[in-house]
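Q: So that you can map any letter, position 477 of the sequence shown is 464 in this note's numbering, and since no number is skipped, the others follow by simple counting. All residues carry an ideal CB built from backbone N, CA and C; glycine is no exception. Starting off with a structure, shown below.
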Amino acid sequence: RLLVPYWFFAAIVLSVVSLVHLANPRPETELRLDQLLPWIIPFTDPTASAWEGGWASSPLWYLRAYMWLLLISPLLRAATRRLGAQALLPAIVATAAIELWLHHPGVFESVQPGTWTWMLGELTLYSFFLMLGFLHYDGAFEGLGRQGLLEWALIGVVACVLWWADFPAPTGIINHSFIGLMAVGVSWLAFFMLLRPVLSKATENNVTGPFVYLFNRRAMSVYLWHSPAIAIGYWLMDGLAPEAHITAVLIPSMMLMFIAIAATGWIEDVAGGNPPELWPRKGGSVVWRSPWVRAENGEPGQLWSRHVAGIAAGVAFAMVLAGIVVPGTARTAEPVVTASADSGDLPPAPSGRPGVADFGDGAATDADDSNLPPAPSGRPGVADFGATETPVEDAGNLPPAPSGRPGVADFAEDTTTAEAPPALASVDDPESPLLSVIEAWLVEKDVAGARVAVHHPDGSVQVAATGEIRGNVVAADDVVALTSATKSVTAAIVLDLVDQGLLELDAPIPPLDAVPGFAHDVTLRQVLDHTAGLAPYQESNGFSSGDELTPAAAVALSADTDLQWAPGTQRGYSNSGYLVLGLLAEQATGRSFSDLANERVTAVGLETMRMDDTTYQGWVGSSAGGMVGTVTDLAVWGGALYRDGSVISDAALAQMLNIENEFNVGLGAFPVCPCGIADDGSKFYTSIGHNGGEVTVQYSPDDDLVIAVSLTESLFSPFLTEQDVYELIADVRTVAG
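Okay, structure coming up:
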């Protein structure tokens, strides 16, 4: 019952992914041969191409855990029969030990916890609950009266409190802690058993009973198809009702879920050797029988014929589905260059099992997400507003036009500038215009909190913060992950080394000592402006989201992957390129990139902005995104770099901010529209700067302001985009100039 529906699902997913790769053969659509085995037997977590983005594969970790649980279930059953409740103790001790190790990974110097540790923790945790089920089946709980159940519920609640006090989950999400899950699970089980008479009445009637029966009979189908149903639901809502509340996605998602149950649920019946039913009803008759189904005790050949027929039906269904999906992903005149842009119209992959096995009880980089990788930076979208003859009105003051996911700025001719906005009241005042603007934007965009800093030409900084996340108040002095805003520091360091003659801007980059196999013929300028064609390491051959990579290891993955295009012919955001720059800076100076970056920001007088060299599974920060700091320090850095010219020479700054090229980007700097072409033929823009996962720093030349924003969620999602944040910056400029 587990594998046959899974194979049907796998046949559809792999067929769609393969057809997409045939239509658009790129690294992010490629499915490697070594990824196929888990789709046959899920001994490890199944993965597909980067284009798939986890919407089909991400939830399947649970099936992997469940399969291992089934394999060891005879041993667990024998233990409960022999030892009774005492059989639970090893599972409790093992689960606690694994979680303690994740909190203190340095306990064993020679062995570090990793993905396998998390998988083992899942096995010990869920074996505890499976053995509880065995004991329940044997009648061990029948002697527990109301008082006994209350005691168990109390034990679970106390355990939750003690766990949270000592080992809180990094994000406050219970799925990120084994002991937390065990304690909460015991509490809920005791609570539900207390309410068993009430629950029985509520679920064993003619109204709710059929739905309970349906979902129990179709549990596997629901689990396999719920995530694709949600993904397609988001896609439909984005096209049909983009302004609708996020909860509206439940409507198409539930409709698709019921369609999937009706279309594929019968495979569960076939897998169990039962007559297939189109819509299972308790006590109902079989609605439809397949002519090739035989009785449960049929011959082995009959069993395999059913399986083969099920897989063939899955492939056929995939061909129909791919006919709908593939045309939307086919190569166009201006191809999408990386996976996150291809999947940018889908919501992020479901969290399920967190991608980080290190709880890291050391210094947190963010008050809200202390030890998870920072929000993905996506790619700064240099806004494309289309070439038009219409002048851009009030280009210095209007928010950017809603252009979806822009790829390149297209400048219209205009030279209009904005009038200076009124003076700003104190941010300590609840009636402060700045605070009011932020709070209104948070309500409009349904964002939990924001920190905003405005750096004025006289060096003063106005800062305001409001909102909360997971019970924590958002404060202006929170140290947050700056992710890809780090690239502004990296670009400054590299351009300074060019000034010193240690690197050449337009010559091929020299051989990398740290990555001897790097042989791509690209220039420093092409790496700086993302036109080199280096495949991002997340989309390169051999990448695994469970690996903790060094910068050199990540670059090595890109070195083993073909360039995505001829250097200098297209632009596509690549973190790997900026990791290359960090390695080059280390090679040219003989110093670590952390020292170079920290020295650079310390010279500006910044106290909180620094490099964080913490490693995470599947994500490399370093010179591509490893800095942390407060929003105030980020604004001061932006002022020193983009406006005051106190970080690099005037010549180097001119190179950084020069967008007079076909891609309309600078060297580590991206302009924001409204924009245009002045009378002298030069391009102008509303602001220029760099975004990170949850932050942005922008310099607005019209009013000589630098504005830094830090949010409680990523700028790169269907619910919140760069354009939304640029609207906030435009509003801030109106009250801060």
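1) Are there three or more Cβ pairs, one per stretch, closer than 8 Å when the segment 478 to 490 is compared with the segment 562 to 575?
2) Using 8 Å for Cβ pairs, my map puts S208 next to E255. What's the rounded Cβ distance?
3) Provide the residue span of the alpha helix (DSSP H) that contains N585, from first to last.
4) Considering only their Cβ atoms, is the gap separating E535 from Q449 smaller than 8 Å?
5) Straight-line CA distance for Y636 to V652?
6) Look up R597 in the DSSP assignment and give the residues it is bridged to.
7) Just to confirm the assignment: which complete beta strand (DSSP E) runs, minimum length 3, are found wholly within the segment 31 to 85?
8) Can you list, in chain order, the residues of its chain whose CB lies under 7 Å from that of N645, leaving out five sequence neighbours each side?
9) Near A(-3), which residues of its chain fall below 7 Å by C-beta distance, leaving aside the five closest residues on each side in sequence?
10) Reducing DSSP to helix, strand and coil, say where Q604 ends up.
11) Return the bridge partner residues of N651 from the DSSP annotation.
12) Using only alpha-carbon positions, find the residue among G220, I248, A247 that is nearest to A235.
13) Grab me the residues of L593's own chain with a C-beta within less than 8 Å of its C-beta, minus the 5 sequence neighbours each way, in chain order.
14) For N678, is the classification buried or exposed, using 16 other Cβ atoms within 10 angstroms of its Cβ as the cut-off for buried?
15) Would you say the segment 552 to 561 touches the segment 519 to 534, given that touching needs at least three Cβ pairs under 8 Å?
16) Pull up the distance between the alpha-carbon of W(-6) and that of M54, whole angstroms please.
17) Could you please give the first and the last residue of the uninterrupted alpha helix (DSSP H) stretch that includes S563?
18) Where do the ends of the beta strand (DSSP E) carrying P661 lie?
19) Give a yes or no on whether the C-beta atoms belonging to L469 and E491 are separated by under 8 Å.
20) Apart from the five residues on each side of it in sequence, which residues of its chain come closer than 8 Å, Cβ to Cβ, to R133?
21) So, with DSSP's three-state summary, where would you put P184?
22) Helix or strand or just coil, what does DSSP make of T673?
23) Check for me: the beta strand (DSSP E) holding V682 runs from which residue to which?
24) Considering only residues of the segment 412 to 477, which uninterrupted beta strand (DSSP E) runs meet the minimum length of 3 residues and lie entirely inside it, listed in chain order?
25) Do V467 and V682 have their C-beta atoms within less than 8 Å of each other?
26) Out of G529, D691, P538, state which residue places its alpha-carbon closest to the alpha-carbon of D549.
27) State the DSSP-derived secondary structure class of A695, mapped to helix, strand or coil.
28) Could you tell me the distance, in whole angstroms, from the CA atom of F121 to the CA atom of G167?
29) Among the candidates S674, F650, D667, whose CA atom is the shortest distance from the CA of Q557?
30) Grab me the residues of F116's own chain with a C-beta within less than 7 Å of its C-beta, minus the 5 sequence neighbours each way, in chain order.
31) Could you compute how far the alpha carbon of T104 sits from the alpha carbon of I456?
32) Between the beta-carbon of K432 and the beta-carbon of L707, is there less than 8 Å?
33) Rounded to the nearest angstrom, what separates G436 and V618 at their Cα positions?
34) Tell me whether A37 counts as near the ligand FMN, meaning its Cβ is closer than 7 Å to at least one heavy atom of that ligand.
35) What is the rounded straight-line gap between the Cα of A584 and the Cα of L421?
36) Under 8 Å by Cβ, that's how I've got V502 and A543 pegged, so tell me the actual separation to the nearest angstrom.
A: On the basis of the supplied data:
1) yes
2) 6 Å
3) Judged by DSSP secondary structure, N585 falls within the alpha helix (DSSP H) whose first and last residues are 580 to 589.
4) no
5) Per the sequence shown, residue 636 should be read as Ser rather than Tyr. Per the coordinates, the alpha-carbon of S636 lies some 19 Å from the alpha-carbon of V652.
6) V615
7) none
8) G653
9) Cβ within range, chain order: W26.
10) strand
11) Per DSSP, none; premise fails for N651.
12) G220
13) Within the same chain, and ignoring the five residues on either side of L593 in sequence, the residues whose Cβ sits closer than 8 Å to its Cβ are G616, D620, V623, W624.
14) buried
15) yes
16) 14 Å
17) It spans 562 to 576 - the alpha helix (DSSP H) in which S563 sits, taken as one unbroken run.
18) 657 to 664 is the span of the beta strand (DSSP E), which, as asked, contains P661.
19) no
20) L181
21) Three-state DSSP puts P184 in a helix.
22) Here T673 sits in strand by DSSP.
23) Note, V682: beta strand (DSSP E), 682 to 687.
24) Taking 3 residues as the shortest admissible run, the segment 412 to 477 contains the following complete beta strand (DSSP E) segments, listed from N- to C-terminal end: 436 to 442, 448 to 456.
25) With a cutoff of 8 Å on beta-carbon distance, V467 and V682 are scored as near each other.
26) G529
27) strand
28) If you draw a straight line from the Cα of F121 to the Cα of G167, it is about 22 Å long.
29) F650
30) G172
31) Near 29 Å, if we compare the C-alpha coordinates of I456 and T104.
32) yes
33) 13 Å
34) As far as ligands go, the structure on display features none, and thus does not contain the ligand FMN.
35) 32 Å
36) 5 Å
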